[in-house]
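Chemist:
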Amino acid sequence: MLRVIFFCLSVVLVATNIHAKSNRSLNLYVGSVKSIQVGEVIRVAVGRDDILATSILENGELLLVPRAPGETDLHIWKKGERKLSYRVNITQENISKNIQSIRSILSGFKSITVRSVNGIVVVDGKVQPERFDLLQGIVAQFPGVISLVTPEDVVLRDMIRMEVQVLELNKSFSRDLGLDWDNSIAGPSVSYVQNINPNGRYVFMNENNPFIELFDPSNPTISLDDKSSFSYSGLQTGITSVVRLLQDDGVARVLAEPSLSTRSGESATFQSGGQYPIAVLNEFGQPVVQMQDYGIQLEITPLSDADGNIISRVRAEMSTIDFATQVNGVPGILTRNTESVINLKNGETMVISGLLQSSDSKSIESLPFLGDIPILGELFKSRSFQENRTELVILVTPKIVDGDAELPEHLKQHLEKLRQVQKSTKIEDDLLE
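Residues -20 to -1, 1 to 413 (mature numbering (1 follows the signal peptide of the UniProt record, and there is no 0)) are what the sequence shown spells out, left to right.
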């Protein structure tokens, strides 16, 4: 019984194999000529001779000449009534060549496949939503090509961490010009000066010595080779005067140092400050309270590519409440803002500056009554000019974050232990099942 079943199965498999070989397919295009080696042919039958012409050669070859696009069946009878059957697909153009061209053009698109289905070129896969229109435009340049490409629902992009420093540079320039009078009276003064080593070339003198100007090379009061001594004695006038020129530079102050993380192509915002209420009228003419933001506001939109380049749009604003300017009791806002698009490599730093704010002040000090004397009163006055400059400087350093690579070392160790526990737990669960 088993032998009979095995014999029947063998017959079925052989018949199926013969049937599969007898139903072959040929893909041709208009303008081409195809020759197949069939041996001695008795007769040939074509389902549609309007799209396919045949010619039998003496060397046992059969020539196929496509005439028009379409599909037809080709049957060939050889000597001994052996029959070969073909399903012929004829296209207007060379499908294989078109597929190679389309694949070459679309090589920059990942997850895109190009194949032929019954003589029709089909483009399939998923692309990023922002590149979907570009791909559809390319496919439209090839007539007869069907696009089954769809936009990706969830696009995995790089996570970018933006390390930002907002600095305020205070540059204070203080200039005091005029005569600054002391409040004490000096007593008698006796002194002398002498060149102890006259040689005509140099003189030994402390740089803070008040008599150093006497040996000024451009206009010397005492020659470098003069051995004479000079003395002075007398009573000073009672109040000494000093002409001063003072300039003080300020230092930088860190206003904010946020670290913002966002997805490539998305925005990250930061605000450090507060809100103050202002009264406005709604659409019904009724007064309502609206909160107005002030302080430091930062918005960054980074976009990365496969080469590690990062293009970032940065908008920064710094505002303070201006109580000097009020309308109906509502103070104004002093605002400094900047917006820029920067192109950086991963880890590079860009500096954005130029937001300046300046204020000037002037004060006059004088002796009572004496400072009011015309012309001579200027000798008893001291003028002080104060110029304050504030510059906002923003330092932006974008970095592409790679998974847990940015974690501290001790957290990495704990994370690795948790992963090992998860693996061992999974193995035990599999064994229990």
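Yeah, the Cβ is synthetic: ideal placement off N, Cα and C, and Gly gets one too.
1) Under the DSSP definition of a beta bridge, which residues are partnered with glutamate 41?
2) Looking at the secondary structure, which residues open and close the beta strand (DSSP E) in which asparagine 69 lies?
3) Using the three-state DSSP reduction, which class does leucine 114 fall into: helix, strand or coil?
4) Cα separation between histidine 55 and isoleucine 92?
5) Along the chain, where does the beta strand (DSSP E) containing isoleucine 276 start, and where does it finish?
6) Give me the Cα-Cα distance between threonine 217 and aspartate 302, rounded to the nearest whole angstrom.
7) Assuming proline 46 contacts valine 18 under a Cβ cut-off of 8 Å, what Cβ separation, rounded to an integer in Å, is found between them?
8) Do valine 125 and valine 101 have their C-beta atoms within less than 7 Å of each other?
9) Mind checking tyrosine 66: buried by the 16 CB within 10 Å criterion, or exposed?
10) Going by Cα to Cα distance, which pick from Thr329, Glu345, Pro257 is closest to valine 294?
11) Given a cut-off of 7 Å on the beta-carbon distance, is the pair tyrosine 333 and serine 284 in contact?
12) Tell me asparagine 317's beta-bridge partners as DSSP assigns them.
13) Using only the alpha-carbon positions, how far apart do proline 49 and leucine 6 sit?
14) Using the Cβ count rule (16 or more neighbours within 10 Å means buried), how would you classify leucine 115?
15) To which residues does DSSP link aspartate 302 through a beta bridge?
16) Check each candidate in Asp287, Thr300, Gly309 and name the one with the smallest Cα separation from asparagine 323.
17) Can you name, in chain order, every residue of its own chain whose Cβ lies under 7 Å from the Cβ of leucine 411, other than the five neighbours on each side?
18) Looking only at its chain, what residues have a beta carbon closer than 7 Å to the beta carbon of residue 428, apart from the 5 residues adjacent to it on each side?
19) Within the same chain, show all residues whose beta-carbon is closer than 7 Å to that of threonine 52, passing over the 5 residues directly before and after it, in chain order.
20) Check for me: the alpha helix (DSSP H) holding lysine 77 runs from which residue to which?
21) Are there 16 or more other CB atoms within 10 angstroms of the CB of serine 12, so buried, or fewer, so exposed?
22) Assuming valine 376 and valine 144 make a contact with CB atoms under 8 Å, what is their CB distance in whole Å?
23) Tell me which residues share the same chain as arginine 23 and place their Cβ nearer than 7 Å to its Cβ, disregarding the 5 neighbours each side in the sequence.
24) Determine the closest residue to residue 422 out of Arg233, Glu345, Leu64, with distance taken between C-alpha atoms.
25) For glutamine 145, write down the residues that DSSP places opposite it in a beta bridge.
26) With glutamine 255 as the anchor, note down where its beta strand (DSSP E) starts and where it stops.
27) Measuring only the C-alpha atoms, how far is valine 321 from valine 129?
28) Among residues of its own chain, excluding the 5 on either side of serine 252, which ones have a beta-carbon nearer than 7 Å to its beta-carbon?
29) Grouping DSSP H, G and I as helix and E and B as strand, with all else coil, what is proline 354?
30) Is lysine 397 helix, strand or coil by DSSP?
31) For glutamine 393, does the count of other Cβ atoms within 10 angstroms reach 16, so buried, or fall short, so exposed?
32) So who's on the other strand from isoleucine 36, going by DSSP bridges?
33) So, are the CB atoms of isoleucine 70 and leucine 8 less than 7 Å apart?
34) DSSP three-state label for proline 131, please.
35) Leaving out five residues before and five after tyrosine 256 in sequence, what residues of the same chain have Cβ atoms less than 8 Å from its Cβ?
Modeler: The answer reads as follows:
1) In the DSSP output, where bridge partners are listed per residue, glutamate 41 has Gln17.
2) Counting along the chain, asparagine 69 sits inside the beta strand (DSSP E) bounded by residues 62 to 71.
3) If DSSP states are grouped into helix, strand and coil, leucine 114 belongs with the helices.
4) Cα to Cα, histidine 55 sits roughly 38 Å from isoleucine 92.
5) 267 to 284 is the span of the beta strand (DSSP E), which, as asked, contains isoleucine 276.
6) For threonine 217, the predicted structure reports a pLDDT of 42, less than 50, and the residue's modelled location is therefore unreliable. A value from the coordinates is still provided. The straight-line gap from Cα to Cα measures roughly 50 Å.
7) Between the beta-carbon of proline 46 and that of valine 18 there is about 18 Å, and that puts the pair past the 8 Å contact cut.
8) Between valine 125 and valine 101, the CB-CB gap stays under 7 Å.
9) Tyrosine 66 comes out buried.
10) Nearest of Thr329, Glu345, Pro257 to valine 294, Cα basis: Thr329.
11) Note that residue 333 is serine in the sequence shown, not tyrosine. Contact: no.
12) Looking at the DSSP output, asparagine 317 shares a beta bridge with Glu297.
13) One Cα belongs to proline 49, the other to leucine 6, and the distance between them is close to 13 Å.
14) The residue is buried, with at least 16 neighbouring Cβ atoms inside 10 Å.
15) Bridge partners of aspartate 302: Gly312.
16) With respect to the C-alpha of asparagine 323, the residue from Asp287, Thr300, Gly309 having the closest C-alpha is Asp287.
17) With a pLDDT of only 42 at leucine 411, under 50, the local geometry of the prediction cannot be trusted, and no value is derived from it.
18) Because the chain in this structure spans residues -20 to 413, residue 428 falls outside the shown range and cannot be described.
19) If we look at threonine 52 and ignore the five residues flanking it on each side, its Cβ neighbours are Val26, Gly27, Arg28, Ile31, Leu32, Val68.
20) According to the DSSP assignment, lysine 77 belongs to the alpha helix (DSSP H) that extends over 75 to 85.
21) Exposed, because fewer than 16 other Cβ atoms sit within 10 Å of the Cβ of serine 12.
22) Indeed, because the Cβ distance is near 6 Å, the residues count as touching under 8 Å.
23) Beyond the five residues adjoining it in sequence on each side, arginine 23 comes within less than 7 Å, by CB distance, of Trp57 in the same chain, given in chain order.
24) Any answer about residue 422 is impossible in this case: the structure gives the chain only from -20 up to 413.
25) In the DSSP output, where bridge partners are listed per residue, glutamine 145 has Leu375.
26) 248 to 261 is the extent of the beta strand (DSSP E) around glutamine 255.
27) Valine 321 and valine 129: Cα-Cα distance of roughly 33 Å.
28) Ala236, Gly275, Ile276.
29) It is coil, neither helix nor strand.
30) DSSP places lysine 397 in helix when its eight states are reduced to three.
31) It is exposed - the Cβ of glutamine 393 has fewer than 16 other Cβ atoms within 10 Å.
32) Beta-bridge pairing by DSSP links isoleucine 36 to Leu42.
33) Note that the C-beta distance between isoleucine 70 and leucine 8 is below 7 Å.
34) DSSP, reduced to helix, strand and coil, places proline 131 within a strand of the structure shown.
35) Excluding sequence neighbours, tyrosine 256 sits near Met271, Gln272, Tyr274, Ile301, Pro311.
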